[in-house]
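Chains as they are written, first to last, in our numbering: chain A, 1 to 155; chain B, 1001 to 1380. Report on the structure given below.
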Amino acid sequence: MMSLVQILEETKGKDGRRIIKVAKEHLLELMRELKSQGFNLSLITGVDRKDRLEVVYHLYSLEKNTYVVVKTETMDERVPSVTSLWSSANWDEREQYDMLGIVFEGGHPNLKRIFLPESWVGYPLRKNYDLSKVQYINMDEEGNDYATFDPNDGW
Amino acid sequence: MMVSRSQDSSGWVELNFGPQHPSTHGVLRLKAKLDGEIIREVEPIIGYLHRNAEKICELDYYCDALIYFDRMDYVSAMNMEVGVPGGSGEAPWCATPPERAQWIRVIMAELNRIASHLVWAGTFGLDLGMLTPPFFYCFIEREKILNIFAEACGSRQETNYMSIGGGVYQDFNDKIIYMIEEFLSSFPKRLEEIYNIFVKNDIFISRTKGVGVLKREVALDYGVTGPMLRASGVEYDVRKAEPYLVYDKLNFDIPVSFKGDTLARFLVRFEEMRQSVKILKQAIKKIPDGPYFNPKAKKSLMTRLRGGEGEVYARTESPKGEFGVYLVGDGGVKPYRVHVRSPPMFKNLSVLPVLAKDQMIADLIAISGSIDLVFGEVDR
Chain A
1 MMSLVQILEE
11 TKGKDGRRII
21 KVAKEHLLEL
31 MRELKSQGFN
41 LSLITGVDRK
51 DRLEVVYHLY
61 SLEKNTYVVV
71 KTETMDERVP
81 SVTSLWSSAN
91 WDEREQYDML
101 GIVFEGGHPN
111 LKRIFLPESW
121 VGYPLRKNYD
131 LSKVQYINMD
141 EEGNDYATFD
151 PNDGW
Chain B
1001 MMVSRSQDSS
1011 GWVELNFGPQ
1021 HPSTHGVLRL
1031 KAKLDGEIIR
1041 EVEPIIGYLH
1051 RNAEKICELD
1061 YYCDALIYFD
1071 RMDYVSAMNM
1081 EVGVPGGSGE
1091 APWCATPPER
1101 AQWIRVIMAE
1111 LNRIASHLVW
1121 AGTFGLDLGM
1131 LTPPFFYCFI
1141 EREKILNIFA
1151 EACGSRQETN
1161 YMSIGGGVYQ
1171 DFNDKIIYMI
1181 EEFLSSFPKR
1191 LEEIYNIFVK
1201 NDIFISRTKG
1211 VGVLKREVAL
1221 DYGVTGPMLR
1231 ASGVEYDVRK
1241 AEPYLVYDKL
1251 NFDIPVSFKG
1261 DTLARFLVRF
1271 EEMRQSVKIL
1281 KQAIKKIPDG
1291 PYFNPKAKKS
1301 LMTRLRGGEG
1311 EVYARTESPK
1321 GEFGVYLVGD
1331 GGVKPYRVHV
1341 RSPPMFKNLS
1351 VLPVLAKDQM
1361 IADLIAISGS
1371 IDLVFGEVDR
């Protein structure tokens, strides 16, 4: 069915759901085709595979009652944004940017950290994130948060 | 609250709302731009209760990670535990819960769904200025459910009752069955009383009817699930769409409303409570005898459950919406990556700017209250 899109691999997961692997250059084409088939975005997950970052998209279709998993990989932390297709991708991508430092480029209206302050150093869900380095969150007069750290405190 | 004149030429007033405010149900900060009394823009700012439960899960053993799920949506801990892969018997490396344990899980999850909706109804009344009656009536009923939990597992809220290995911590004894039956006999009448306090109040109806209308297409575009989606006219419930545990053996309906406003969300939640009572009445009769814990799993828990390789995405219907857990294992004793799709979070809260646009400032509380926010889960 995906005639125009080059798919790297299509398998079935242990839970019986279709898993489609695609190169990130073809991600948007595939997503557009899936959207035209009635799929909605459910979840975006980033996985740190140490040498590369994996981005997993869960899509579901209400009419067909099926789930499809789309996977793509990136070596340079950059992945095309799907916010133009589904509005729910907006906050999902902000969360993955916050936690794993995946930059969703091309069309994201407001790619900034969602939980942590902008000045936070490091991405907590990366495997090489050092938990012993303590950072403190303060509030400025405007009510916005910012992070500071003591250089003697594990840094 | 902090008010300042907007910097740009629009002349709008910027209003900072929260994070510490009683009607935000936790720590939600809203930055609103007001044109007189009309909201033109609103930006939710979250993260004040962020503990990074996903990282904590990665650092812990499989069975230890379960307790952090209790603390996500702390008013419906049982539903969070059912949602963990293995909790509903979906993870391939987890032992399947025996028949009796599956029925016990359904009973506990439905009891907690009622408790969660009661908390919502009581605090939603508070948000709208209905001070004493509904709040205390709701919490009296919820107290009875929490007493059942305390009897079953020794804890009222953060229960840690269901084991990831397949089973529950303790079997139902006669006293628990009696408590549940007694609750089921008295609750439907009380529920109608509480319902009438709300819907026979003209002020409540005028504060909710036609306020914050969520259209079907917008709800689907933003990935909204749960009672909010069903109030917008989509008949979608994971319990029916992809039945887990023993929900396929139970007879119940999915309440749907086509109005999409705050009142519709209220009505859908109350109808869900009636349906939960219906489920509970069937389940308490049908619950079979047998083991409540998979004996094989109990042994593996003693010697640190070793997860398999690969990944699983388990989804369940929590009181707030679709609760999904994406779990990646690398064959070790700890999960490699855990990602939680928490329903009020990105999905149901991210639609707030659309709902509140061009509404009155006083309705902002009604709208954000109708989303049913629990910040333990939003911020994780």
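Here a beta-carbon is modelled for each residue, glycine too, at the ideal position from N, C-alpha and C.
Inspect the CB distances between the region 121–133 of chain A and the region 99–113 of chain A and report whether three or more fall short of 8 Å. Flag = yes, the region 121–133 of chain A and the region 99–113 of chain A touch.
What does the alpha-carbon distance come out to for the pair B:M1302 and B:V1378? Residue placement at B:M1302 is poorly supported in this model, since its pLDDT is 46, which falls under 50; the coordinates still yield a value, given next. Each residue's alpha carbon lies about 33 Å from the other.
CB contact below 7 Å: B:H1050 versus chain A: B:H1050 counts as touching chain A.
Of all the alpha helix (DSSP H) runs that stay within the bounds of the region 1026–1099 of chain B, which reach a length of 4 or more residues? Fully enclosed alpha helix (DSSP H) runs of 4 or longer: 1053–1059, 1062–1070, 1077–1083.
I believe B:V1374 touches B:H1025 by the beta-carbon criterion, under 8 Å. Please report the beta-carbon distance rounded to the nearest angstrom. That belief holds up - the Cβ atoms of B:V1374 and B:H1025 are roughly 7 Å apart, short of 8 Å.
Beta-carbon gap between B:F1172 and B:T1159 smaller than 7 Å: Not closer than 7 Å, so no.
Under DSSP, the alpha helix (DSSP H) around B:E1217 begins and ends at which residues? Note, B:E1217: alpha helix (DSSP H), 1216–1221.
Would you say B:Y1074 reaches chain A, if we count a Cβ-Cβ gap shorter than 7 Å as a contact? No, B:Y1074 lies away from the interface with chain A (no Cβ there is under 7 Å from its Cβ).
Rounded to the nearest angstrom, how far is the Cβ of A:L59 from that of A:L34, given a contact under 8 Å? Contact flag correct, Cβ pair sits at about 6 Å.
Would you call the region 1199–1218 of chain B and the region 1118–1137 of chain B touching, i.e. three or more CB-CB distances under 8 Å? The region 1118–1137 of chain B and the region 1199–1218 of chain B touch, with three or more beta-carbon pairs separated by less than 8 Å.
Which class does B:K1286 belong to by DSSP, given the choice of helix, strand or coil? The three-state secondary structure of B:K1286, taken from DSSP, is helix.
At 7 Å on the CB atoms, spell out the chain A contacts of B:E1054, in chain order. Within chain A, the residues near B:E1054 are L125.
What residue does the alpha helix (DSSP H) around B:I1205 start on, and which one ends it? For B:I1205, the enclosing alpha helix (DSSP H) covers residues 1202–1208.
Since B:K1189 is in the beta strand (DSSP E), which residue starts that stretch and which ends it? Per DSSP, B:K1189 is not a residue of any beta strand (DSSP E); the alpha helix (DSSP H) it occupies stretches across 1174–1199.
To the nearest angstrom, how far is it from the Cα of B:N1251 to the Cα of B:C1153? C-alpha separation (whole angstroms): 28 Å.
Using beta carbons (cut-off 7 Å, strictly below), is B:F1252 in contact with chain A? Under the Cβ criterion of 7 Å, B:F1252 is not counted among the residues facing chain A.
On the three-pair Cβ rule with 8 Å, is the region 1206–1221 of chain B touching the region 1268–1277 of chain B? With fewer than three CB-CB distances shorter than 8 Å, the region 1206–1221 of chain B does not count as touching the region 1268–1277 of chain B.
Select from the region 35–49 of chain A all residues with a C-beta closer than 7 Å to any C-beta belonging to chain B, and list them in chain order. Along the region 35–49 of chain A, going in chain order, the ones with a CB nearer than 7 Å to a CB of chain B are N40, L41, S42, L43, T45, V47.
Apart from the five residues just before and just after B:H1117, which ones in its own chain have a Cβ nearer than 7 Å to its Cβ? Once the five neighbours on either side are set aside, the close Cβ partners of B:H1117 are R1269, E1272, M1273, P1319.
Suppose only complete runs of 3+ residues qualify. What are the beta strand (DSSP E) ranges in the region 1309–1355 of chain B, listed by chain order? As far as the region 1309–1355 of chain B is concerned, its whole beta strand (DSSP E) runs of at least 3 residues are 1309–1318, 1321–1330, 1337–1341.
Using the C-alpha atoms, what's the distance from B:V1234 back to B:W1012? B:W1012 and B:V1234 have their C-alpha atoms roughly 36 Å apart.
For B:K1357 and A:D140, the rounded distance between their alpha carbons: Going from the Cα of A:D140 to the Cα of B:K1357 covers about 28 Å.
Is it buried or exposed for B:P1288, if we count other Cβ within 10 angstroms and need 16 for buried? Under this definition B:P1288 is an exposed residue.
Out of A:D130, A:E118, A:W155, which has the shortest C-alpha to C-alpha gap to A:I137? A:I137 has its Cα closest to that of A:E118, out of A:D130, A:E118, A:W155.
Any contact between the region 1182–1199 of chain B and the region 1218–1225 of chain B? By contact I mean 3 or more CB pairs, one from each, below 8 Å. With the cut-off at 8 Å, the region 1182–1199 of chain B and the region 1218–1225 of chain B do not touch.
Along the region 1329–1343 of chain B, what residues have a CB closer than 7 Å to any CB found in chain A? Cβ contacts with chain A: R1337, H1339, R1341.
By how many angstroms is the C-alpha of B:I1254 removed from the C-alpha of B:S1088? Here the model assigns B:S1088 a pLDDT of 44, short of 50, so the residue's position is not dependable, and the following value carries that caveat. Taking the straight line joining both Cα atoms gives about 20 Å.
According to DSSP, what are the bridge partners of A:T45? Beta-bridge pairing links A:T45 to A:V56.
On the DSSP letters alone, give me the boundaries of the alpha helix (DSSP H) that B:R1142 sits inside. Here the alpha helix (DSSP H) through B:R1142 covers 1133–1153.
Between B:F1136 and chain A, is there a C-beta pair that is closer than 7 Å? Answer no: the Cβ-Cβ gap between B:F1136 and chain A never drops below 7 Å.
Compute the distance between the beta-carbons of A:S156 and A:H108, then report whether it is under 7 Å. Examination of residue 156 of chain A is not possible in this model, given that chain A is present from 1 through 155 alone.
Would you mind listing the alpha helix (DSSP H) stretches within the region 54–112 of chain A that are 4+ residues and don't spill past its ends, in chain order? Qualifying alpha helix (DSSP H) stretches, in chain order: 89–100.
Under the three-state DSSP convention, the category A:I36 falls into: One point to set straight first is that residue 36 of chain A is Ser, not Ile, in the sequence displayed. Of the three classes helix, strand and coil, the one that applies to A:S36 here is helix, per DSSP.
Interface residues of chain B facing A:D92 [CB-CB closer than 7 Å]: Near A:D92 (Cβ distances below 7 Å), the residues of chain B are F1346.
Check: B:F1136 C-beta below 6 Å from any heavy atom of the ligand ADP: In the structure on display, the ligand ADP does not appear, and there are no ligands present to speak of.
Going by DSSP in three states, B:Q1275 sits in which element: helix, strand or coil? Helix, per DSSP.
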